[in-house]
Amino acid sequence: MRSLEATCPSQKSNRKNQRKERSHTVNRIHKTTLATAVSLSMAMMAGQAQGAGFALMEKNATDLGQAYANLATGNGEASGMIGNPAAMTQIDGTAVSGGINYIRPSFELKAGASSQSAFGPTVGGLGGDAGESAAIPNASIVHQMNERTRVGLALTVPFGLATEYDEEWLGRYHGIESRIEVIDISPSISFDVTPEWTIGGALNIQRAEAKLTSAINGGAACVGGRIAQGDTPTNAGQTCAGIGLIPGQPSSDGHVEIEGDDWSVGYTIGALWQPTERTRVGLSYHSGIDHELEGDVDYTVPAALAANPAFADSPAEAGLDLPASLSASLTHQFSDTVTGSLGLLWTGWSSFDELRVEQSGGRESVTTENWDDTLRVAMGGEWEFAPRWTLRAGAAYDPTPVPSAEFRTARLPDADRTWGSIGLGYAINRHWSVDVGYTHIWLNDSSINNTTESSIPDTLQGQYEAEVDILGLQVNARF
Numbered sequence: 041m042r043s044l045e046a047t048c049p050s051q052k053s054n055r056k057n058q059r060k061e062r063s064h065t066v067n068r069i070h071k072t073t074l075a076t077a078v079s080l081s082m083a084m085m086a087g088q089a090q091g092a093g094f095a096l097m098e099k100n101a102t103d104l105g106q107a108y109a110n111l112a113t114g115n116g117e118a119s120g121m122i123g124n125p126a127a128m129t130q131i132d133g134t135a136v137s138g139g140i141n142y143i144r145p146s147f148e149l150k151a152g153a154s155s156q157s158a159f160g161p162t163v164g165g166l167g168g169d170a171g172e173s174a175a176i177p178n179a180s181i182v183h184q185m186n187e188r189t190r191v192g193l194a195l196t197v198p199f200g201l202a203t204e205y206d207e208e209w210l211g212r213y214h215g216i217e218s219r220i221e222v223i224d225i226s227p228s229i230s231f232d233v234t235p236e237w238t239i240g241g242a243l244n245i246q247r248a249e250a251k252l253t254s255a256i257n258g259g260a261a262c263v264g265g266r267i268a269q270g271d272t273p274t275n276a277g278q279t280c281a282g283i284g285l286i287p288g289q290p291s292s293d294g295h296v297e298i299e300g301d302d303w304s305v306g307y308t309i310g311a312l313w314q315p316t317e318r319t320r321v322g323l324s325y326h327s328g329i330d331h332e333l334e335g336d337v338d339y340t341v342p343a344a345l346a347a348n349p350a351f352a353d354s355p356a357e358a359g360l361d362l363p364a365s366l367s368a369s370l371t372h373q374f375s376d377t378v379t380g381s382l383g384l385l386w387t388g389w390s391s392f393d394e395l396r397v398e399q400s401g402g403r404e405s406v407t408t409e410n411w412d413d414t415l416r417v418a419m420g421g422e423w424e425f426a427p428r429w430t431l432r433a434g435a436a437y438d439p440t441p442v443p444s445a446e447f448r449t450a451r452l453p454d455a456d457r458t459w460g461s462i463g464l465g466y467a468i469n470r471h472w473s474v475d476v477g478y479t480h481i482w483l484n485d486s487s488i489n490n491t492t493e494s495s496i497p498d499t500l501q502g503q504y505e506a507e508v509d510i511l512g513l514q515v516n517a518r519f
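Using the numbering used here, you'd call the opening residue of the sequence shown number 41 and step up by one each time.
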């Protein structure tokens, strides 16, 4: 199988001279692949997160068919370095890999949901399907410097979130459009300490962008403001209605848009142990990365509220603490044609305790998250059923970090996920191969009972149903 063939000494010596002759070709391929992936990622990466929380598991399409059970033990291709930089030891000469995972999510609020503030119910529909389809690219290259050292470079999208509801849905005060987009560029190195042990490390250079929009309950702001000035609730309601501001009515709403971006750096360290030619064990740690997003808050409100300083445009700052993760995988070749993997992935989501946006004048908006750490479990395998063909299958259970309905938000109505995956690989010749994978993710139906933390609290209650389909394509080259 390709994932184990790369570690055999006899094959290393057979390929060595041919790969040297093709090094200039590989350099040109690398530059084209990486540049294409960068442009694709900027245009298409804002997909709904398919790991728990807003993590994106889709690091490559080769391992999609195994539900990423072999994340820390590599796959014998350049893309294996993304899960564990020590897996670059499986590459002789130079290898390049690039691919796209197309994600089609569906998130819908069931009939019977409601949204309510202290000034009455919110009028609106269920919001439609909040999930947005997207293509998530990846690219990687690995080069063998000498018998014990490899270097590599990868471009991935490790985190992403995109949900968007109808403008006038009943939960619009909780959120309309939500986007978090993270690009990761990772220069990496690995070193064979012994024939059995390899260590590796990488820098994670990240660009993060965020955009959050929601409606403002203009009618409630008007009524609440007049009550704060000493007016009675009845008089306040009548006065505001007289100027067209009725709580919970779309025609009375304002709108707020928050945008920000940041660069930050983290690291990855990994180890790969190959006690026999048929067994390998991998462990990889990705550090948490703290982003300090800087941008702007833009308000659009009814004319009667325009003079209110609470709705003045201003610069904004927000902290985005991306979690650390630790992955472990065991891969064993049971026969010349069958290989199986078991994988665990711990993610420290407890670092994501709140989303706080600070504005000028001491204004701030806060969403308490209180997420929990998670442990994902995956099993997968490969069967080389013909000389050039490999069949893959896998399953995984990925629990949500959201602790309860109180902390489940409309921006990300996450729930426990069960993966079912299948994939197919074809070796075109000794240098080129292609992999395809498909995954369906079942999300448990989940309840929401979330109250906004604002001067006009609004409570959204209901049930969500969701599912996700992922189709991936990966092209691999070796020289």
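Where is the CB? At the ideal position from N, CA and C, for every residue including glycine.
Residues of its chain near residue i, where Cβ-Cβ distance is below 6 angstroms and the 5 sequence neighbours each way are ignored
i           : result
residue 247 : 223 and 303
residue 111 : 123, 367, 369 and 383
residue 173 : 144
residue 413 : 388, 389 and 390
residue 162 : 155, 210 and 288
residue 432 : 105, 106, 422 and 463
residue 226 : 194, 242 and 244
residue 164 : 208, 209 and 210
residue 468 : none
Cβ pair residue i, residue j closer than 9 angstroms
i           : j           : result
residue 394 : residue 379 : no
residue 281 : residue 259 : yes
residue 397 : residue 358 : yes
residue 194 : residue 363 : no
residue 460 : residue 473 : no
residue 236 : residue 315 : yes
residue 518 : residue 253 : no
residue 310 : residue 342 : no
residue 179 : residue 141 : no
residue 456 : residue 415 : no
residue 204 : residue 217 : yes
residue 171 : residue 452 : no
residue 97  : residue 475 : no
residue 109 : residue 418 : yes
residue 355 : residue 334 : yes
residue 490 : residue 445 : yes
residue 238 : residue 128 : yes
residue 2   : residue 326 : With the chain covering only 41 through 519, there is no way to say anything about residue 2.
Environment of residue i [buried if 16+ CB atoms lie within 10 Å]
i           : result
residue 152 : exposed
residue 312 : buried
residue 448 : buried
residue 425 : exposed
residue 132 : buried
residue 221 : buried
residue 291 : exposed
residue 137 : buried
residue 185 : exposed
residue 182 : buried
residue 442 : buried
residue 272 : exposed
residue 500 : buried
residue 406 : exposed
residue 255 : buried
residue 305 : exposed
residue 337 : buried
residue 392 : buried
Contacts around residue i, its chain only, beta-carbon distance under 7 angstroms, and the 5 residues preceding and following it disregarded
i           : result
residue 509 : 144 and 480
residue 276 : 263, 266 and 267
residue 33  : This structure does not reach residue 33, given that the chain is present from 41 up to 519, and the question cannot be answered.
residue 340 : 294 and 295
residue 323 : 112, 310, 311 and 368
residue 188 : 231 and 232
The beta strand (DSSP E) enclosing residue i, as first and last residue numbers
i           : result
residue 521 : Absent from the model: residue 521. The displayed extent of the chain is 41 to 519, so no value can be given.
residue 147 : 134-149
residue 100 : Element bounds for residue 100: n/a, residue is neither H nor E.
residue 227 : 217-232
residue 504 : 498-518
residue 289 : Per DSSP, residue 289 belongs to no beta strand (DSSP E) and is neither H nor E.
residue 154 : 154-157
Test: residue i CB closer than 9 angstroms to a CB of chain B
i           : result
residue 294 : Reference to chain B is not applicable here, since this structure consists of a single protein chain.
Same chain only: Cβ atoms within 8 angstroms of residue i, ignoring 5 sequence neighbours per side
i           : result
residue 478 : 104, 105, 461, 462, 463, 509, 510, 511 and 512
residue 404 : 396, 397 and 398
- Query: In chain order, which alpha helix (DSSP H) runs of at least 4 residues are fully inside the region 247-280?
  - Reply: DSSP runs (the alpha helix (DSSP H)) wholly in the region 247-280: 258-268.
- Item | Uninterrupted alpha helix (DSSP H) stretches inside the region 394-455 (no shorter than 4 residues) | Those alpha helix (DSSP H) runs which fall completely within the region 394-455 and span 4+ residues do not exist here.
- Query: Could you give the uninterrupted runs of the beta strand (DSSP E) lying entirely in the region 456-486, keeping only those of 3 residues or more?
  - Reply: Entirely contained in the region 456-486, the beta strand (DSSP E) runs reaching 3 residues are, in chain order, 457-467.
- Considering only residues of the region 183-214, which uninterrupted beta strand (DSSP E) runs meet the minimum length of 3 residues and lie entirely inside it, listed in chain order? Runs of the beta strand (DSSP E) inside the region 183-214: 189-204.
- Message: What ranges does the beta strand (DSSP E) occupy inside the region 317-393, keeping only unbroken runs of at least 3 residues that lie completely in it?
- Response: With a minimum length of 3 residues, the continuous beta strand (DSSP E) runs that stay inside the region 317-393 are 319-326, 329-340, 354-362, 365-373 and 378-387.
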